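First to last, the sequence lines map onto chains X and S.
Under the numbering used here, the first residue of the first sequence is numbered 1, with each subsequent residue one higher.
Under the numbering used here, the first residue of the second sequence is numbered 1, with each subsequent residue one higher.
A virtual CB, placed ideally from N, CA and C, is assigned to each residue, including glycine.
Since the structure is predicted, the reported quantities are computational estimates derived from the model, not experimental observations.
Data block below; observations after.
There are 2 protein chains.
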Amino acid sequence: IIELNGVKKIYQMGTERVHALDGVDLVINRNEYVAIMGPSGSGKSTMMNIIGCLDTPTHGTYVLNSQEVSEMDDNELANVRNQEIGFVFQTFNLLPRVNCLQNVELPLIYSGKRKGVRREMAAQALRNVGLGDRMTHRPNELSGGQRQRVAVARAIVNEPSILLADEPTGNLDTKTGNEIMLLFEALYRKGNTLLVVTHEEEIARHARRIIRLRDGLIEVDERVDDP
Amino acid sequence: IIELNGVKKIYQMGTERVHALDGVDLVINRNEYVAIMGPSGSGKSTMMNIIGCLDTPTHGTYVLNSQEVSEMDDNELANVRNQEIGFVFQTFNLLPRVNCLQNVELPLIYSGKRKGVRREMAAQALRNVGLGDRMTHRPNELSGGQRQRVAVARAIVNEPSILLADEPTGNLDTKTGNEIMLLFEALYRKGNTLLVVTHEEEIARHARRIIRLRDGLIEVDERVDDP
Ligand SMILES: Nc1ncnc2c1ncn2[C@@H]1O[C@H](COP(=O)(O)OP(=O)(O)OP(=O)(O)O)[C@@H](O)[C@H]1O
Ligand SMILES: Nc1ncnc2c1ncn2[C@@H]1O[C@H](COP(=O)(O)OP(=O)(O)OP(=O)(O)O)[C@@H](O)[C@H]1O
Ligand SMILES: [Mg+2]
Ligand SMILES: [Mg+2]
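Have a look at this one:
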């Protein structure tokens, strides 16, 4: 369902050209659970942003669910970003002026859920990440790891068919991180597709396939036995 | 040189009270290397902000270098924050509109270094964290781990006598994270004092003492053998 062909992302910086992605070929099928690893600056977030339709390649093509993304109109793109794909950003990207509950309700507003239903689904998602007692806090009234968990709750609240998680446990202690991985496993077992960027081998081991990037290219792509 | 006595930080949220810190007693001597661990939300960043003179306790006292911090005037506080203490923030807090080099030069401007000297010290600090080829990039033209490393470079560029680092390797792969720990070790061997918040046991093992928080209180405080 996800197909990158010869994808490059090149930034022009004065006289210098930065190859964030340098020719990536990748096929991911429905209901796969993939970990993406690689050194800092190797292109992981850039690749995730392209897959999530938040950025466009400078070269190559991206086919999502048999449709060429560069040919989608604005409505189709908005639909993909807001309803088909859940995204946990490396920098969380929460709305600062509303509280956790309202932040997590946002994808449910897009999918047309009624107010009472939205409120309960968002509350449950927050309880699932251990933030049942922080629902009325705004992001700046939370710890770093709590903000990260709100970002996770928002990404999975409407059970997206594709979850893209960029370093979802980077600010979490081991126990809390494992709770997040249990939620991901449950989403995966319901038939959804997961791509998780992580720098921790322990976290990567939850996936069934590991892709390693280096300097904007895929260096390794291997199956992992069921954990 | 750092002494917290009965320190509490309590937030009033409507009818609810959140005890971010619930009575912390802590003594840290000159040239100690301390790791601070604990679950997400246990009070680590709150404690670091108080130690870094960026926040004040609601109860208890904080004595820094034999001086009661609550009795310092604005000039003394500014001096402590900008010259004595280096702080790596959990959310980096880089200036978005200037490039890496200018971000790292900031502490050197406060310590009155001349322009040519500042520029060279900042450039060297960036090379030390592996960003020699990213000096003219602005923060939004960098990866998450690269921004984290700029925050580290800025915190250590003028060799502060106290380094406070809140999750300095949370977004870094193992190899890059180890390079940062080598820089910290060098700073420590020069006689400085280091407090590093981390959720990774591997990183904590570089320290000589581990403090574990839970629910705003110190639960464990133990020496670690030289690694
Ligand atoms: N402005 C605020 N208002 C209300 N509660 C707050 C505020 N800031 C922090 N808190 C609460 O204080 C507690 C401690 O926060 P702190 O940021 O110190 O945790 P932490 O140990 O650094 O967590 P993490 O590992 O997730 O970064 C958290 O439960 C948080 O929700
Ligand atoms: N707007 C930009 N302009 C120029 N270069 C950029 C820009 N955005 C990213 N880059 C560069 O592209 C490369 C890849 O960035 P990317 O964010 O994908 O890395 P990453 O693998 O996610 O790293 P990390 O593990 O540190 O988060 C980096 O070297 C970065 O400096
Ligand atoms: Mg990244
Ligand atoms: Mg914190």
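{"query": "Collapsed DSSP secondary structure at S:Gln-102 in the structure displayed", "result": "helix"}
{"query": "For X:Ile-85 and X:Pro-160, the rounded distance between their alpha carbons", "result": "5 Å"}
{"query": "Reduced DSSP secondary structure (H/G/I, E/B, other) of X:Glu-200", "result": "coil"}
{"query": "C-beta contact flag for S:Thr-61 and S:Asn-5 at 8 Å", "result": "yes"}
{"query": "S:Lys-175: contacting residues in chain X (beta-carbon distance under 8 Å)", "result": "Pro-39"}
{"query": "Residue-chain proximity (X:Thr-58, chain A), Cβ-Cβ < 8 Å", "result": "You won't find chain A in this structure, because its protein chains are X and S."}
{"query": "Those residues which DSSP pairs with S:Tyr-33 across a bridge", "result": "S:Leu-194"}
{"query": "Any non-hydrogen atom of ligand 1 closer than 7 Å to S:Val-129 Cβ", "result": "no"}
{"query": "Cα-Cα separation, X:Ala-78 to S:Thr-193", "result": "50 Å"}
{"query": "Residue range of the unbroken beta strand (DSSP E) whose run includes X:Asn-5", "result": "2 to 13"}
{"query": "Closer than 7 Å: X:Val-18 CB and nearest ligand 2 heavy atom", "result": "yes"}
{"query": "Top-ranked residue by Cα proximity to X:Glu-141, from X:Arg-97, X:Leu-213, X:Thr-56", "result": "X:Arg-97"}
{"query": "Rounded distance between the beta-carbons of S:Val-196 and S:Ala-153, thought under 8 Å", "result": "In fact, because the Cβ distance is near 16 Å, the residues do not count as touching under 8 Å."}
{"query": "Whether X:Gly-23 touches X:Leu-213 by CB criterion (8 Å)", "result": "no"}
{"query": "Beta-carbon proximity check, S:His-19 vs S:Gly-216, cutoff 8 Å", "result": "yes"}
{"query": "Start-end ranges of the beta strand (DSSP E) lying completely within the stretch 82 to 161 of chain S, minimum 3 residues", "result": "85 to 88"}
{"query": "Min CB distance X:Gln-12 to chain S below 8 Å", "result": "no"}
{"query": "Residues near X:Arg-147 by beta carbon distance below 7 Å, same chain, minus five either side", "result": "Phe-92, Leu-94, Pro-139"}
{"query": "Per-residue contacts from X:Glu-219 into chain S (C-beta, under 7 Å)", "result": "The contacting residues do not exist; X:Glu-219 stays about 13 Å from chain S at best."}
{"query": "Element boundaries [beta strand (DSSP E), containing S:Ala-207]", "result": "Segment: none, S:Ala-207 is in no beta strand (DSSP E) and carries neither H nor E."}
{"query": "Exposure of S:Thr-46, with buried meaning 16 or more beta-carbon neighbours within 10 Å", "result": "buried"}
{"query": "Neighbour-count burial assignment, X:Tyr-11, 16 or more Cβ in a 10 Å radius", "result": "exposed"}
{"query": "Test item: CB-CB of X:Met-121 and X:Val-157 under 8 Å", "result": "yes"}
{"query": "CB contact flag (X:Ile-36, X:Lys-9, <8 Å)", "result": "no"}
{"query": "Option nearest X:Pro-168 by Cα separation, candidates X:Ile-180, X:Thr-174, X:Val-69", "result": "X:Ile-180"}
{"query": "X:Ser-66 CB to nearest heavy atom of ligand 4 below 7 Å", "result": "no"}
{"query": "Under the three-state DSSP convention, the category X:Gly-221 falls into", "result": "Residue identity check: residue 221 of chain X is Asp in the sequence provided, not Gly. Correct three-state label for X:Asp-221: strand."}
{"query": "Limits of the unbroken beta strand (DSSP E) element including S:Asp-25", "result": "16 to 28"}
{"query": "Check: X:Lys-44 C-beta below 7 Å from any heavy atom of ligand 3", "result": "yes"}
{"query": "Proximity test, Cβ basis, 8 Å: S:Thr-15 and chain X", "result": "no"}
{"query": "is_contact[S:Ser-143, chain X] using C-beta, thresh 8 Å", "result": "yes"}
{"query": "Assigned secondary structure, S:Glu-68 (DSSP; H/G/I helix, E/B strand, else coil)", "result": "strand"}
{"query": "Beta carbon of S:Leu-164 nearer than 8 Å to that of S:Met-48", "result": "yes"}
{"query": "Continuous alpha helix (DSSP H) stretch holding S:Thr-174: start and end", "result": "174 to 189"}
{"query": "beta-carbon S:Leu-142 near ligand 2 non-hydrogen atom, thresh 7 Å", "result": "yes"}
{"query": "N-terminal and C-terminal residue of the alpha helix (DSSP H) that X:Glu-76 is part of", "result": "74 to 79"}
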